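Peer 1: This is the structure, below, for whatever I ask next.
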Amino acid sequence: MFTGTPFFSVIIPLYNKGPYIKDAINSVLSQTYHNFELIVIDNASTDNGLQIVKSFTDSRIRILHLDEPGPGGYAPRNLGIKAAKTEWITFLDADDLWYENHLELAFQKIGKYPEIEFISFGYDYSDVEGGYSITKEKILSPLLSVNEFLKTGANSCHTNSVVIKKSALMECGLFPTDIKYLIGGDLDTWLRLLLIGKNMLICQEITSIYKVEFSGIYMNSKNFIADHPLVETVKTFLIQQKKIEIEMAISLKKLSNICQIRFLWRKKRAGYLKWKDFRKLYCTVLNVRYFPRIIIIALVPKIILQILLNGPKYFWKTLTGRI
Numbered sequence: 003m004f005t006g007t008p009f010f011s012v013i014i015p016l017y018n019k020g021p022y023i024k025d026a027i028n029s030v031l032s033q034t035y036h037n038f039e040l041i042v043i044d045n046a047s048t049d050n051g052l053q054i055v056k057s058f059t060d061s062r063i064r065i066l067h068l069d070e071p072g073p074g075g076y077a078p079r080n081l082g083i084k085a086a087k088t089e090w091i092t093f094l095d096a097d098d099l100w101y102e103n104h105l106e107l108a109f110q111k112i113g114k115y116p117e118i119e120f121i122s123f124g125y126d127y128s129d130v131e132g133g134y135s136i137t138k139e140k141i142l143s144p145l146l147s148v149n150e151f152l153k154t155g156a157n158s159c160h161t162n163s164v165v166i167k168k169s170a171l172m173e174c175g176l177f178p179t180d181i182k183y184l185i186g187g188d189l190d191t192w193l194r195l196l197l198i199g200k201n202m203l204i205c206q207e208i209t210s211i212y213k214v215e216f217s218g219i220y221m222n223s224k225n226f227i228a229d230h231p232l233v234e235t236v237k238t239f240l241i242q243q244k245k246i247e248i249e250m251a252i253s254l255k256k257l258s259n260i261c262q263i264r265f266l267w268r269k270k271r272a273g274y275l276k277w278k279d280f281r282k283l284y285c286t287v288l289n290v291r292y293f294p295r296i297i298i299i300a301l302v303p304k305i306i307l308q309i310l311l312n313g314p315k316y317f318w319k320t321l322t323g324r325i
């Protein structure tokens with residue numbers, strides 16, 4: 003076990019993840035690179051997760067506390083970033099896992115590309131097909147990074163797979179902590195890193211596992227009352243920047259459209275959709291393949307959508323009042 007000055011700070015927000023936190027921590031402690039500190043931020047949990055963390059005796063583990071749970075896990079991450087002793091920050095959600103080589107590969111990339119402040123690896127989904135990886139590592143400018151987001155449906159970066167300099171995170175304003183933003187703050191933060199001029203290194207190695215089935219934040223309809231935070235970031239940036247390349251402006255508008263359409267769909271299913279939400283789309287750059295989805299979202303009643311999406315069982319439950 004390493005006992006000197008750490009090189010990485012690993013940040014895990016914890017909120018009622020008792021069944022999973024032990025495996026998450028073990029995936030960190032099993033890293034082949036040992037020079038790190040692990041900061042677990044208790045986000046006012048009410049289950050046994052904190053007791054499980056305290057059962058670990060590894061001296062590299064620090065526990066911080068928030069008295070009230072912050073939205074989307076963003077407030078605990080920000081607390082961990084500010085408290086970090088190192089210049090390089092990594093994240094792991096309390097119900098996800100790292101492969102054992104995540105930090106060792108990150109250390110190698112930092113040595114190979116000393117000018118880079120923002121690194122992203124590939125990731126797997128657990129139990130379902132998907133994830134993200136590339137065939138060859140490459141350094142992308144802010145514009146090319148935004149275009150990579152567009153190519154992958156904004157899925158080319160995941161919080162578990164990024165390694166970022168603390169100074170860069172502080173400069174971009176950290177994760178959004180406005181109470182209305184419960185989801186989407188990760189992608190918004192990556193975009194703000196790009197908008198302050200940070201290039202991104204994307205690597206072909208897959209180093210983490212995202213457990214999709216445990217992501218309850220996506221199942222809670224109340225998380226979609228507000229817009230995606232990236233939509234507001236793009237709007238503000240385009241207003242404030244008097245000189246911006248046309249290609250970058252178009253790419254940002256397209257990325258904003260992707261996020262807004264996703265939220266329109268989820269707002270419709272949750273019952274929060276309003277006609278003014280459609281006005282936030284940039285129609286001049288709207289891809290025609292989204293037209294059918296937008297028409298369905300706008301015109302098809304919610305109950306019909308639910309039946310189409312969930313099948314006859316949902317229809318029967320609706321008739322019998324069990325929904």
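Residue numbering for the sequence shown follows this note's numbering, beginning at 3 and increasing consecutively. Positions of the beta carbon are idealized from the N, C-alpha and C atoms, including for glycine. Bear in mind that the values here come from a model prediction, so they are computed numbers and not experimental data.
#1: Out of Asn-28, Asp-97, Tyr-76, Glu-106, which one is the CA nearest neighbour of His-36?
#2: Taking Lys-237 as part of the alpha helix (DSSP H), name the residues at either end of that continuous run.
#3: Pair every Cβ in the stretch 19-30 with every Cβ in the stretch 41-59, then say whether three or more of these pairs are closer than 8 Å.
#4: Quick check for students: name the residue ranges of the alpha helix (DSSP H) that lie wholly in the stretch 84-157, counting only runs of 4 or more.
#5: Between Lys-167 and the rest of its own chain, which residues show a CB-CB distance below 8 Å, the 5 nearest in sequence each way excluded?
#6: Using DSSP's beta-bridge definition, name the partner residues of Phe-38.
#7: On a CA-only basis, which of Asp-229, Ile-248, Arg-281 is nearest Arg-264? Give me that one, please.
#8: Out of Lys-269, Arg-291, Ala-77, Ile-14, which one is the CA nearest neighbour of Phe-177?
#9: Here's a check: name, in chain order, each residue in its chain whose Cβ is nearer than 8 Å to the Cβ of Asn-50, leaving out the five neighbours to either side.
#10: Going by Cα to Cα distance, which pick from Ser-122, Glu-249, Lys-182 is closest to Val-165?
#11: Taking all protein chains shown into account, do 16 or more other C-beta atoms lie within 10 angstroms of the C-beta of Gln-242, making it buried, or fewer, making it exposed?
#12: Is the CB-CB distance between Leu-307 and Ile-298 below 9 Å?
#13: What do you get for Thr-137, buried or exposed, if any count of 16 or more other CB atoms within 10 angstroms of its CB means buried?
#14: Note down, in chain order, each residue of its chain lying with its Cβ closer than 7 Å to the Cβ of Arg-79, except the 5 sequence neighbours on either side.
#15: Going by DSSP, which residues form a beta bridge with His-67?
Peer 2: According to the structure shown:
#1: Sequence index remark: in the sequence shown, residue 36 carries index 34 (1-based). Measuring from the Cα of His-36, the nearest candidate turns out to be Glu-106.
#2: Residue mapping note: residue 237 aligns to position 235 of the sequence shown, counting from 1. Residue range 231-242 is occupied by the alpha helix (DSSP H) that includes Lys-237.
#3: By the Cβ test, the stretch 19-30 is in contact with the stretch 41-59, since at least three Cβ pairs between them sit closer than 8 Å.
#4: You should have 104-114, 144-153.
#5: Against the sequence shown, residue 167 aligns to sequence position 165. Same-chain partners within the cutoff: Glu-89, Trp-90, Ile-91, Glu-119, Phe-120.
#6: Counting from one through the sequence shown, the residue named residue 38 turns up at place 36. DSSP, once it has assigned bridges, lists Phe-10 as partnering Phe-38.
#7: Residue mapping note: residue 264 aligns to position 262 of the sequence shown, counting from 1. For Arg-264, the closest alpha carbon among the candidates Asp-229, Ile-248, Arg-281 is that of Asp-229.
#8: Along the sequence shown, one-based indexing puts residue 177 at 175. Checking every option, the nearest Cα to that of Phe-177 belongs to Ala-77.
#9: As a first step, residue 50 must be located in the sequence shown, where it is residue number 48. Gly-20.
#10: As a working mapping, residue 165 is identified with position 163 in the sequence shown. Of the candidates Ser-122, Glu-249, Lys-182, Ser-122 places its Cα closest to the Cα of Val-165.
#11: What you label residue 242 is simply residue 240 of the sequence shown in a count that begins at 1. Gln-242 is exposed by the Cβ-count criterion.
#12: Within the sequence shown, residue 307 is the residue found at index 305, counting from 1. Within the sequence shown, residue 298 is the residue found at index 296, counting from 1. Against a cut-off of 9 Å, the Cβ pair of Ile-298 and Leu-307 comes out as a contact.
#13: Your numbering for residue 137 matches position 135 in the sequence shown. Burial check for Thr-137: the Cβ neighbour count within 10 Å stays below 16, so the residue is exposed.
#14: Working through the sequence shown from its first residue, we reach residue 79 at position 77. Only residues of its own chain outside the window of five on either side were considered, and among them Ile-13, Pro-15, Phe-93, Phe-177 have a CB closer than 7 Å to the CB of Arg-79, listed in chain order.
#15: Translated into the one-based positions of the sequence shown, residue 67 becomes position 65. According to DSSP, residue pairing for His-67 in a beta bridge involves Asp-44.
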